[in-house]
Ligand SMILES: C[S@@+](CC[C@H](N)C(=O)[O-])C[C@H]1O[C@@H](n2cnc3c(N)ncnc32)[C@H](O)[C@@H]1O
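Residue numbers (the UniProt record's numbering): 1 to 323.
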């Protein structure tokens with residue numbers, strides 16, 4: 001074979017591998033989307049209002065729309081992501097909800113300062129984000145204050161985050177401070193593998209790489225017993241904490257959720273591979289409920305009419321606060 005033929009042969013193999021890897025990551029994203037869709041459907045009724053902390057590019061806007069919400073407030077630290085979320089919102093047809101977008105650090109700013117006095121939420125959602133707050137206690141407390149301050153009694157706080165129990169078990173099973181498979185890599189700062197026993201539960205940092213676009217993002221271990229204890233101080237009671245494996249087994253039995261799973265094409269031609277299933281195991285879903293009431297019954301879906309969207313949707317700035 002001449003060198004060009006060799007290059008072309010290997011290019012094809014590399015492309016093929018990259019394609020397969022990309023489709024696996026896409027399937028994982030679809031699995032994550034399925035978990036979020038189930039959480040949203042389980043805790044939302046028509047006419048609900050929702051606060052989405054760390055909303056990203058608005059990947060959940062359609063899910064909220066199909067759940068029948070009438071007000072959506074999305075906050076994120078990345079302006080570019082918010083711009084994409086707005087574009088998505090503006091391009092949606094027959095939307096039934098008003099949307100507002102806030103730019104800033106949700107674990108430092110006081111979100112309620114930027115809301116009207118009467119704005120209250122039935123659901124607060126924070127998907128794949130609370131681990132960024134676990135840098136220190138102050139940030140977690142601000143997150144919980146933002147969750148609770150405008151959540152109605154009986155309302156839900158729903159989310160997803162890496163499962164610290166799984167992460168630590170996997171870390172202890174390897175020689176070094178790093179583990180992974182063909183689709184993810186996790187590298188802890190170390191040097192101790194036995195935290196947080198007798199140690200502070202804050203600031204336990206690792207770097208997680210899932211695909212080429214999300215390289216080496218620093219994240220912090222979420223010590224859930226600490227989170228649950230502090231959340232109780234903000235009137236939030238834990239209702240569900242379930243690793244994604246168990247979540248799948250529980251909710252795939254529900255015909256409506258199986259239908260969403262099939263629609264999202266989570267399973268590839270050859271089913272879910274071992275590495276995909278292993279990456280799914282890294283996450284957990286959680287639900288808290290605000291004390292002091294029952295969830296709002298919502299309205300009949302048919303009572304909710306599509307709204308006239310404003311010509312422009314603005315991004316409002318939030319400021320960090322020290323105290
Ligand atoms: C993995 S993405 C998840 C986005 C979205 N919730 C979803 O499920 O598609 C994490 C998001 O958290 C945001 N984020 C990280 N730290 C934040 C902070 N301190 N305040 C607000 N958003 C933050 C990032 O900008 C990013 O959009």
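Beta carbons are placed, not taken as given, at the ideal position from N, Cα and C, and that holds for glycine.
Given the structure is predicted, the values throughout are model-derived calculations rather than measurements.
Check, Outcome
"Please report the residue range of the beta strand (DSSP E) in which residue 280 lies.", "Counting along the chain, residue 280 falls outside any beta strand (DSSP E), though it belongs to the alpha helix (DSSP H) covering 274-280."
"Say whether chain C places a C-beta atom closer than 8 angstroms to the C-beta of residue 74.", "Judged by its chain identifiers, the structure shown contains no chain C, having just a single protein chain."
"So, helix, strand or coil for residue 309, using DSSP?", "coil"
"Quick one: give me the first and last residue of the beta strand (DSSP E) that residue 296 is part of.", "Taken as a continuous stretch (DSSP letters only), residue 296 belongs to no beta strand (DSSP E), as it is neither H nor E."
"Tell me the residue span of the beta strand (DSSP E) that contains residue 245.", "From DSSP, residue 245 is part of no beta strand (DSSP E) but of the alpha helix (DSSP H) over 244-251."
"Smallest Cα separation from residue 313: which of 43, 63, 86, 126?", "86"
"With distances taken from CA atoms, which of 29, 50, 34 is nearest residue 296?", "50"
"In chain order, what residues place their C-beta within less than 5 angstroms of a heavy atom belonging to ligand 1?", "54, 56, 59, 76, 77, 78, 81, 105, 106, 107, 127, 128, 129, 132"
"Tell me which same chain residues have a C-beta within less than 8 angstroms of the C-beta of residue 96, skipping the five on either side of it?", "65, 68, 69, 70, 304, 305, 306, 307"
"Less than 6 angstroms between C-beta atoms, sequence neighbours within five positions excluded: which residues of the same chain meet that for residue 45?", "298"
"Exposed or buried, which one is residue 292 when buried takes at least 16 other CB atoms within 10 Å?", "exposed"
"Find the nearest neighbour of residue 101 within the set 260, 53, 169, judged by alpha-carbon distance.", "53"
"Pick helix, strand or coil for residue 226, following the three-state DSSP scheme.", "helix"
"Residue 199 lies in the beta strand (DSSP E); which residues open and close that run?", "Segment: none, residue 199 is in no beta strand (DSSP E) and carries neither H nor E."
"Whole-angstrom Cβ separation of residue 220 and residue 205, contact assumed at under 8 angstroms?", "6 angstroms"
"Is it buried or exposed for residue 159, if we count other Cβ within 10 angstroms and need 16 for buried?", "buried"
"In or out: residue 140 buried (at least 16 other Cβ within 10 Å) or exposed?", "buried"
"Which one of 74, 78, 103 has the shortest CA to CA distance from residue 89?", "74"
"For residue 192, count the other beta carbons within 10 Å of its own beta carbon; 16 or more makes it buried, fewer makes it exposed. Which is it?", "exposed"
"Going by DSSP, which residues form a beta bridge with residue 75?", "53, 102"
"Shortest alpha-carbon distance to residue 316 belongs to which of 109, 28, 38, 27?", "109"
"Could you pull out every residue in the same chain whose Cβ sits closer than 7 angstroms to the Cβ of residue 218, ignoring the five residues on either side in sequence?", "205, 207"
"Rounded to whole angstroms, what is the Cα-Cα separation between residue 156 and residue 126?", "11 angstroms"
"If the criterion is Cβ atoms closer than 8 angstroms, does the pair residue 144 and residue 230 meet it?", "yes"
"Decide if residue 276 is buried, meaning its Cβ has at least 16 other Cβ atoms within 10 Å, or exposed.", "buried"
"Can the beta-carbon of residue 285 be found closer than 8 angstroms to that of residue 247?", "yes"
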